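Residue 422, in the numbering used here, is where the sequence shown stops; the numbers in between run on with no holes.
Where is the CB? At the ideal position from N, CA and C, for every residue including glycine.
Just so we're clear, the structure is a prediction, and the values are computed from it rather than from any experiment.
Each remark here refers to the structure printed beneath this line.
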Amino acid sequence: MLRGERGDERTRGGEHDGASLSDTLERELDLLRQAGLYRTLRRVERRGGGGAEIRVDGQDAIDFSSNDYLGLATDPRIARALANAGAGTATGAAASRSIAGNHPLHEELERQLAELKGAEAALLFSSGFAANTGTIPVLAQREDVIYSDLLNHASIIDGCRLSRATTRTFPHCDLGALARMLTEDRDRYRRRWVVVEGVYSIDGDLFPLAALVQLAQEHHAWIYLDDAHGTGVIGPSGAGAAEHWGVTGNIDVTMATLGKALGTAGAFIAGSQMLRELLLNRTRSFIFTTGSPPGLAAGALAALRILREESWRRHRLGENVARLRAGLAALGHPLAPQCPGHIAPLVIGEADRTITIGRRLLEHGFLVGAVRPPSVPPGKSQLRITVSAAHTTEHIEGLADALGEVLEAS
Ligand code: PMP
């Protein structure tokens, strides 16, 4: 069972099992509890300090679990831009963008996002989840094939399912296996898409994109890149994975999010002008949903300005990553070289032990992600430590010390 799969305990074959809804829900919840996969929501308030200092269920902590890589999620300039635009006429879009909800701020943001990605055009979505699940089915249909990396995000997996295309999963970052599949399938499908992430959301490693560009060209396949975790972080100007690998202009379709390094919310698809035109005509998660608040677009525009003007944030992030890398190596858990390091995975194994370690770290004042199935395969539960430009040297060193203690004791 991987990423969003359901258990086999449900009645198959359609006969009614006679249970009430509350009994059914209770049974499902019990199954989750028994498997150590039961989740609750923590209450988190950001206390300022660039966003790294938080209160978790009333307890002060340093946040090493979020995707706020540049420390922009609490930036007052973004908050002001958002509020000032919203206070005028831009609070709610009032309609789908296809009807009456298309605001000049949406279009200006799309123009600047396309520029960031070196693309002709961009189209905004209310979330990365909506962008992937909406766009992939427009691009690939029943006669087509999608080659999808094993560790792709749930929203990509769902997008592939909705597309009804044949989806073939290849082992994580294994271009040899992908090449063999492309060769095997040479004349079998109408169109071929390869879907990968720039920086993997949980394992934190880079997909070898330059080599993929070459392979895809040789095999007449197109590339769909989810750059949720590369955008704003990697590449000389923070433009993301394509810039990092020197293949800007060679990626057919890029999806990127605004809720991570760019500190706000929403997502976009970047590519050709024709791609934008087709998507705004065909994508259900674009057409049948209210446009995102135009004020949010003003906030994202402020974030883009900060990204352009404050390169020190990426440098600070790099220094923090180097510090954490050294700390993890000293603990005997070195980061893989293919990880840029703002997402640092530390594989623990069993879900229960991972949760216990996470809880103990929080007792020491550090919130880290404890990732369990279905986000990772069973037995591969891991800590997901994320680094931000908002962290101080003391934060990083404090986490490394706490990790040393907790790992030894757990
Ligand atoms: N793709 C990837 C790789 C992600 O990590 C995420 C969010 N975790 C998404 C897509 C979805 O983005 P959003 O949070 O904007 O829905």
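Span separating the alpha-carbon of R15 from that of K392: Mapped onto the sequence shown, residue 15 falls at position 3. Mapped onto the sequence shown, residue 392 falls at position 380. Per-residue confidence for R15 stands at a pLDDT of 44, beneath the threshold of 50, marking its modelled position as unreliable; the derived number appears in the next sentence. If I take the Cα positions, the gap works out to 13 Å.
Residue nearest to R54 in terms of C-alpha spacing, selected from A47, A95, I66: Translated into the one-based positions of the sequence shown, residue 54 becomes position 42. The residue with the shortest Cα to Cα distance from R54 is I66.
Anticipated Cβ contact below 8 Å, L117 with A97, distance rounded: In the sequence shown, counting from the first residue as 1, residue 117 sits at position 105. In the sequence shown, counting from the first residue as 1, residue 97 sits at position 85. Correct: roughly 6 Å between the Cβ atoms.
7 Å Cβ shell around I360 - same chain, five flanking residues per side excluded: Here residue 360 refers to the residue found at position 348 when the sequence shown is read from its first residue. Apart from sequence neighbours up to five positions away, the residues of its chain that approach I360 with a beta-carbon distance below 7 Å are T366, I369, S393, Q394, L395, ordered along the chain.
Test item: CB-CB of I158 and A152 under 7 Å: Against the sequence shown, residue 158 aligns to sequence position 146. Against the sequence shown, residue 152 aligns to sequence position 140. Yes.
Of the residues L174, D364, S323, the one placed nearest S5, counting alpha carbons only: The first residue shown for the chain is 13 and the last is 422, placing residue 5 beyond what the model contains.
Q153, DSSP secondary structure in three states: Along the sequence shown, read from residue 1 onward, the residue named residue 153 stands at position 141. Coil.
Closer than 6 Å: H165 CB and nearest the ligand PMP heavy atom: Within the sequence shown, residue 165 is the residue found at index 153, counting from 1. Yes.
Where D217 sits in the DSSP three-state scheme: Along the sequence shown, read from residue 1 onward, the residue named residue 217 stands at position 205. Coil, per DSSP.
For E57, three-class secondary structure by DSSP: Locating residue 57 in the sequence shown gives position 45, where the first residue counts as 1. Here DSSP, grouped into helix, strand and coil, assigns E57 to strand.
Test item: CB-CB of L121 and A251 under 7 Å: Stepping through the sequence shown from its first residue, residue 121 is reached at position 109. Stepping through the sequence shown from its first residue, residue 251 is reached at position 239. No; because the gap between Cβ atoms is not below 7 Å, this pair is not in contact.
Per DSSP, the bridge partner or partners of P357: Position 345 of the sequence shown, counting from 1, holds the residue named residue 357. Paired residue(s): R396.
Buried versus exposed call for G278 [16 or more other C-beta atoms within 10 Å across all chains shown]: For the purposes of this step, residue 278 is taken as residue 266 along the sequence shown, with counting starting at 1. By the C-beta density criterion, G278 is buried, having at least 16 other C-beta atoms within 10 angstroms.
Any non-hydrogen atom of the ligand PMP closer than 6 Å to D239 Cβ: As a working note, residue 239 is residue 227 in the sequence shown. Short note on D239: C-beta not closer than 6 Å to any heavy atom of the ligand PMP.
Cβ-Cβ distance between D156 and R192 below 7 Å: Taking the first residue of the sequence shown as position 1, residue 156 is located at position 144. Taking the first residue of the sequence shown as position 1, residue 192 is located at position 180. Not closer than 7 Å, so no.
In DSSP terms, what F76 is bridged to: Translated into the one-based positions of the sequence shown, residue 76 becomes position 64. Here F76 is bridged, per DSSP, to V380.
beta-carbon T269 near the ligand PMP non-hydrogen atom, thresh 6 Å: Within the sequence shown, numbered from 1, the residue matching residue 269 stands at position 257. Under cutoff, so the answer is yes.
Per-residue burial, E21 [other beta carbons within 10 Å of its own, 16 or more giving buried]: As a position in the sequence shown, residue 21 is number 9, starting the count at 1. Residue placement at E21 is flagged as unreliable, the pLDDT there being 48, under the threshold of 50; a coordinate-derived value is accordingly withheld.
contact_flag[the region 228–246, the region 105–114] where n(CB pairs < 8 Å) is 3 or more: Because the criterion of three Cβ pairs below 8 Å is not met, the region 228–246 and the region 105–114 do not touch.
Status (buried if at least 16 other CB within 10 Å, exposed otherwise) for F76: Taking the sequence shown and counting its residues from 1, one reaches residue 76 at position 64. It is buried - the Cβ of F76 has at least 16 other Cβ atoms within 10 Å.
Distance cut-off 6 Å: F182 Cβ against heavy atoms of the ligand PMP: As a working note, residue 182 is residue 170 in the sequence shown. Relative to the ligand PMP, F182 has its C-beta separated by 6 Å or more from all heavy atoms.
Reference S10; option with closest CA among D87, M286, S304: Because the chain spans 13 through 422 in this model, residue 10 falls outside it and cannot be assessed.
Sub-7 Å separation of I423 and H256 beta-carbons: The first residue shown for the chain is 13 and the last is 422, placing residue 423 beyond what the model contains.
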